[in-house]
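So in our numbering, spot 196 of the sequence shown is number 204, and the numbers just go up one at a time.
Ideal placement from N, C-alpha and C gives every residue a C-beta, glycine not left out.
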Amino acid sequence: MAFRAPTLIALSAATLLSGCSAFRNYDSELAQTNQQLASGNVDGALTLLEKNNTSKDKDLLYYFEKGELLRAKGDLSGSQNAWTSADQVVGKWEDAVKLDTDKYLAQFGSFLVNDKVRRYEGYDYEKVMLTTQMALNLLAVNDFDGARTAIKKTHEREAVIADLRDKEYLKSEEQAEKEGVKTQYKDLQGYPVASLDAPEVVSLKNSYQSAFSHYLAGFVYEALGEKDLAAPGYRKAAELRPNTPLLEQALVNLDKPAKNDDSDILIVVQGGLAPSRDSIRIPLPLPISNNVVITPLSFPIIKPDTSTATFAQIGVDGQQLDLTQLNSTTAMSRRALRDDMPGIILRTTVRAITKGVAQKQINETNPLAGLAVGISSAVLEGADTRTWRTLPDTTQVVRLRLKKGEHHVSLPSAVGGSVVKITVDQRYQVISLRAVGNQVFASGLAAHVIPSANPTAVASLKQP
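Shown next as structure tokens:
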């Protein structure tokens, strides 16, 4: 991999064009924002978000985070507007991929630009969860037709991602063989390999298909009377999360007529925050100018959020019900990193060798310029730590039949012990709750958090 003048020009341009993005500590910014959210100060979280995003040209992450914060505040219209802007950005990405996949892969696979200074395009699971969260916003106001449109977009997006990733992984393998890079993440001494090889990560079919998204699709189609479309949704959810009674029962009950006029209620409880990404430096032996040089390189790692206690039950009208977990953003994030690591290692290694050769040649003619290149490399070569941080970590559900009227849902003391009053007035209804720290947020017309109260109304309740 001999160094040539054009490479130096490209490297210099990358340094100049990166601007302040190379120095931005996104994880630190969002840690402060999420502290405000976890304490219940959503307005404070929104203020911090705006303070850290003063440019008129807002990026994808800004819209991701703003949509989730506004949702927690109860401003579903504002949340949907922010996420619509995010969806338009993702839509342009989809158009570029479908128009010329090879061209897109060639641009993204460039070895010269560090991942942290590229335009943020979102991880695959974020793109899919975006339309899923948008569907939840619509369901919170009983707009099942609108939710159906969001769900359809989710399925179409999954197909685009699947086709792209198949081609990307094949191309990455071919490039690694061409460049002679054989390092795998399991070879990185000091890297937390076990976190990427954990059973809950390896068992995922991929990083972007969520059992919750497909189960929600089945519920929406069933509510709209489209049982022929509901069945594939439930079936796919069961395939993604096998041996889950809730998912298996959904298929069994699909063809059973309702025994009474009780409402079919899906309570969705989303807890915690998506994991952060950090950068870890691993020394690797690299062939630079016919010498083996031990060079510290930066790679991303996943750090789970610990702001919110885990819980597996909620109370409904005084009766404790088990929740079924259908989604883990931490597991999906780790699976995404596990799948991306071969490409990350390839790009990082080739870039380090190229820069090493460049710096050696510059040092021989202009030591001061060589020092400048070395400093810029140190700044730019950290791993990319950007990710959608306000996204919920876990999604759990319980499905039950309730009579129309008011009911009370109680959350465990571990997350504040809040009581939520819900109003059931539809044949099918989705109630969305969000727990962060010791705060509980309710979305939509039918759910309202009451600070501390003991529900006195006890309605007859039975699980389907």
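Look up residue i in the DSSP assignment and say whether it is helix, strand or coil.
i, result
"Phe11", "Below a pLDDT of 50, predicted positions are generally treated as unreliable, and Phe11, at 40, falls in that range; the measurement from the model is reported next regardless. Coil, per DSSP."
"Gly279", "strand"
"Tyr34", "helix"
"Leu469", "With a pLDDT of 36 at Leu469, under the threshold of 50, the predicted position of this residue should be treated as unreliable, though the coordinate-derived value follows. Three-state result, Leu469: strand."
"Glu414", "strand"
"Tyr436", "strand"
"Ser426", "coil"
"Arg397", "coil"
"Ser215", "coil"
"Ser85", "helix"
"Arg79", "helix"
"Leu237", "helix"
"Ser180", "helix"
"Val189", "coil"
"Leu254", "helix"
"Thr62", "coil"
"Arg289", "strand"
"Asp263", "coil"
"His456", "strand"
"Arg249", "coil"
"Asp95", "helix"
What do you reckon, are the CB atoms on residue i and residue j nearer than 7 Å?
i, j, result
"Ile273", "Leu410", "yes"
"Ile302", "Pro293", "yes"
"Leu204", "Asp401", "no"
"Thr403", "Gln278", "yes"
"Ala320", "Ala422", "no"
"Lys190", "Val201", "no"
"His456", "Lys429", "yes"
"Lys6", "Val105", "The displayed coordinates of the chain run from 9 to 472. Any statement about residue 6 would go beyond what the structure contains."
"Ala231", "Gly241", "no"
"Ala519", "Met142", "Given that the chain is displayed from residue 9 to residue 472, the structure contains no residue 519 and the question cannot be resolved."
"Asp313", "Pro283", "yes"
"Ser440", "Leu144", "yes"
"Val260", "Ile322", "no"
"Val228", "Ala339", "no"
"Thr332", "Val438", "no"
"Asp269", "His415", "no"
"Gln40", "Leu56", "yes"
Whose CA, out of the options, lies closest to the CA of residue i?
i, options, result
"Asp392", "Ser306, Glu166, Ile361, Asp103", "Ser306"
"Ala258", "Arg79, Asp269, Lys244", "Lys244"
"Thr395", "Leu68, Gln96, Lys59, Val209", "Leu68"
"Asn49", "Lys66, Ala454, Lys81", "Lys81"
"Arg355", "Leu144, Asp95, Gly390", "Gly390"
"Asp110", "Val149, Val136, Tyr177", "Tyr177"
"Asp95", "Tyr112, Gly75, Ala114, Leu107", "Gly75"
"Tyr131", "Glu208, Arg343, Gly188", "Arg343"
"Tyr199", "Arg397, Ile353, Ala90, Val457", "Ile353"
"Leu262", "Asp236, Arg249, Thr191", "Asp236"
"Ser93", "Phe72, Val105, Leu78", "Phe72"
"Tyr128", "Pro253, Asn299, Lys100", "Lys100"
"Ser87", "Leu38, Leu146, Thr362, Tyr436", "Leu146"
"Val448", "Asp348, Val358, Gly424, Gln197", "Gly424"
"Trp91", "Thr140, Ser36, Asn60, Leu113", "Thr140"
"Asn446", "Ala454, Val432, Val427", "Val427"
"Glu187", "Thr373, Ile361, Ala454", "Ile361"
"Ala3", "Asp347, Ala454, His415", "In the structure displayed, the chain extends from 9 to 472; residue 3 sits before or after that span and is not available."
"Gln183", "Lys64, Arg442, Pro350, Asp51", "Pro350"
"Ile290", "Lys66, Lys213, Thr357", "Thr357"
"Pro304", "Glu247, Thr431, Lys363", "Lys363"
"Ser221", "Glu247, Arg79, Ile458, Ser63", "Glu247"
"Asn214", "Gln44, Asp153, Ala239, Leu345", "Leu345"
What whole-angstrom Cβ distance do residue i and residue j have, given they're in contact under 8 Å?
i, j, result
"Ala148", "Ser451", "4 Å"
"Leu334", "Tyr223", "6 Å"
"Glu102", "Arg32", "In fact, because the Cβ distance is near 26 Å, the residues do not count as touching under 8 Å."
"Arg397", "Asn42", "6 Å"
"Arg249", "Ala219", "4 Å"
"Leu408", "Leu329", "7 Å"
"Leu54", "Leu77", "5 Å"
"Gln434", "Ser180", "Their Cβ separation, rounded to whole angstroms, is 48 Å, which puts Gln434 and Ser180 out of contact at 8 Å."
"Ile310", "Ile288", "Their Cβ separation, rounded to whole angstroms, is 11 Å, which puts Ile310 and Ile288 out of contact at 8 Å."
"Ser297", "Val444", "Contact doesn't hold; Cβ gap of about 52 Å is too wide."
"Tyr112", "Thr337", "Not a contact, Cβ separation roughly 26 Å."
"Asp286", "Asp35", "7 Å"
Any chance the CB of residue i is under 6 Å from a heavy atom of the ligand MN?
i, result
"Val98", "The ligand content of the structure shown is nil, which means the ligand MN is not present either."
**beta strand (DSSP E) runs wholly inside the segment 300 to 346, at least 3 long, in chain order** = Fully enclosed beta strand (DSSP E) runs of 3 or longer: 321 to 324, 327 to 330, 332 to 336.
**Prompt:** Residue ranges of each alpha helix (DSSP H) run of no fewer than 4 residues wholly in the segment 122 to 155, ordered along the chain?
**Reply:** Runs of the alpha helix (DSSP H) inside the segment 122 to 155: 132 to 147.
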